[in-house]
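In numbering that gives the first Met the number 0, the protein residues as written are 0 to 412. From the three backbone atoms N, C-alpha and C, an ideal C-beta is built for every residue, glycine too. The structure appears right after this line, and notes come after that.
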Amino acid sequence: MLETTRIKKIKILVLNSGSSSLKFQLFDIKNFHLLASGLVEQIGEKHSFAHMKYATGIHQKENIRQPACQDYSVADHQQAIEIMFDMLKESSCLTRMEELAGIGHRVVHGGEDFHDPVLINDQVIATIERLIPLAPLHNPANLTGIRVTKQRSPEIPQVAVFDTSCHQSIPGHAYIYGLPYTLYEKQQVRRYGFHGTSHHYVVQQAAIYLDKKISKLKLISLHLGNGTSAAAIQYGKSIDTSMGMTPLEGLIMGTRCGDIDPAIPFYLARETGMTLQEIEDLLNKRSGLKGICGQNDMRAVVKQAAKGDAGSELAIRIFCYHIKKYIGAYMAALNGIDAIIFTGGIGENSNLIRERSCENLQNLGVDIDPVKNNASSNKIRGIHCDLAQVKVLVIPTNEELAIAMQTVKLVHP
Ligand code: ADP
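Structure below.
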């Protein structure tokens with residue numbers, strides 16, 4: 000009995016369910032040490048597969064689960080979650096469900112209903128369901144993850160952490176569009192913003208690194224991954240962000256167009272006969288870096304540009320120019336800033352993009368030290384010149400860890 004008490008509630012599971020994938024991470028609750036990290040991919044397709052990395056002491060092992068039968072397929076999220084728990088059990092990472100203090104779920108859209116992470120109950124589930132029209136691709140998958148885990152282990156507390164919630168502090172003048180106000184009142188048309196978990200996490204890390212209270216800092220957070228967004232953070236609160244009602248607005252992205260003239264879709268429909276669906280697909284999946292130079296992966300774009308490809312060079316210039324414009328806009332919105340944060344796959348790894356995005360900003364106090372910027376590291380670091388007024392930080396984001404921490408706060412093990 001004593002032993003049972005001792006092994007209870009020492010782990011936190013984090014789920015990030017996509018429409019055809021399930022990412023999961025298991026953390027030790029004491030020190031947030033990562034115990035296992037896995038992915039079930041191509042759920043509902045012919046060649047689904049799952050893999051998980053886990054560490055035992057200092058040994059890193061890989062457990063690839065690809066049954067011999069080539070036609071093996073994970074039919075749905077229910078099966079994906081079964082496979083996840085099987086792998087966690089087989090590897091001894093999670094031998095008993097009682098070890099879980101809680102399960103944290105990433106939920107993309109919390110609308111205006113959720114300003115903070117919440118413990119999931121039937122009402123929360125109903126609200127996430129009601130918000131599906133605002134995120135038709137994401138919220139249903141997130142909900143499936145919640146429902147299936149809840150059904151399987153109803154006794155484990157579950158927490159929803161929303162991509163939108165950190166931006167609920169944005170004031171009306173930054174979230175209301177220049178449209179009839181009734182569209183906001185009746186159809187919830189407004190800026191919501193995304194990447195909130197990442198922005199919130201790196202901003203907290205910045206305060207620790209700078210050894211300053213978050214309530215004293217004015218920051219610009221640049222999350223540059225496949226999706227990209229900028230956020231203006233005043234004294235720990237988001238006051239503006241580049242993504243809008245959907246994650247299509249703002250900075251140019253891997254395959255998404257970012258800010259464009261809203262009249263372009265009407266022009267395309269008129270002139271080319273494209274349907275609404277085709278235009279939506281074009282703006283989301285065939286635009287951005289990919290639309291300009293044929294590649295959406297920034298590593299490939301940089302490589303092509305280095306070989307002299309003019310389209311790739313142009314794509315990089317556009318990408319960095321968009322970032323620079325948002326830096327300027329948010330410096331104005333914040334009336335000066337203490338630091339700029341680069342995060343996400345591109346922000347953390349590409350010295351070229353950081354350099355180009357900040358070039359010729361010396362008059363605004365931004366001055367990157369090329370030696371610091373070019374040094375490779377996966378640690379939090381400053382890359383500004385010693386005397387620069389604005390600090391420029393590279394901060395590795397960790398959305399799953401942030402969700403695990405938020406989950407622990409709510410489940411009070
Ligand atoms: P997601 O937004 O899906 O979480 P990531 O944050 O992992 O994606 O970012 C993916 C992007 O980061 C890709 O465009 C990838 O090419 C880019 N990236 C990763 N490493 C580098 C690098 N060394 N140089 C340039 N881009 C990089």
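- Going by DSSP, S311 is part of the alpha helix (DSSP H) stretching over 309-333.
- The set of residues with CB atoms less than 6 Å from any heavy atom of the ligand ADP reads, in chain order, G224, N225, G226, G253, D296, M297, R298, V301, G343, G344, I345, N348, S349.
- DSSP lists H222 as the bridge partner or partners of T342.
- For a cut-off of 8 Å, the C-beta gap from G109 to S164 is around 5 Å, short enough to register as a contact.
- Between N138 and I131 a beta carbon distance of about 5 Å is seen, short of the 8 Å cut, so the two are scored as contacting.
- Residue state for Y176 is assigned as coil, using DSSP reduced to three classes.
- Proximity to L142 across P156, I124, K236, V158 peaks at I124, based on C-alpha coordinates.
- Annotation: R255 is outside any alpha helix (DSSP H) and is labelled neither H nor E by DSSP.
- Annotated three-state conformation of H194 is coil, per DSSP.
- Only buried fits Y325, as 16 or more other CB atoms lie within 10 angstroms of its CB.
- Y53 and I82 have their C-alpha atoms roughly 15 Å apart.
- By the neighbour-count definition (other C-beta atoms within 10 Å, threshold 16), R353 is a buried residue.
- The residues I175, R189, in chain order, have a CB closer than 7 Å to that of Y183 in the same chain once the five nearest residues on each side in sequence are set aside.
- Note: F265 is not bridge-paired with any residue in the DSSP secondary-structure output.
- In the DSSP assignment, no residue is bridged to N120.
- Taking C-alpha positions only, G103 is separated from A79 by approximately 17 Å.
- Taking the C-beta atoms as reference points, I155 is found no nearer than 9 Å to M86.
- Taking a C-beta distance under 9 Å as the contact criterion, Q41 and S16 do not qualify as a contact pair.
- Closest in C-alpha terms to E98, from the list F26, Q276, F113, comes F26.
- Between I382 and A205, the gap from beta carbon to beta carbon reaches 9 Å or more.
- E40: member of the beta strand (DSSP E) spanning 33-40, first to last residue.
- Ranked by how close their Cα comes to the Cα of G192, the residues N225, D210, G249 have G249 in first place.
- Three or more beta-carbon pairs separated by less than 8 Å are not found between the segment 266-273 and the segment 207-216, which leaves the two stretches without contact.
- S228: member of the beta strand (DSSP E) spanning 227-233, first to last residue.
- Per the coordinates, the alpha-carbon of V407 lies some 30 Å from the alpha-carbon of S241.
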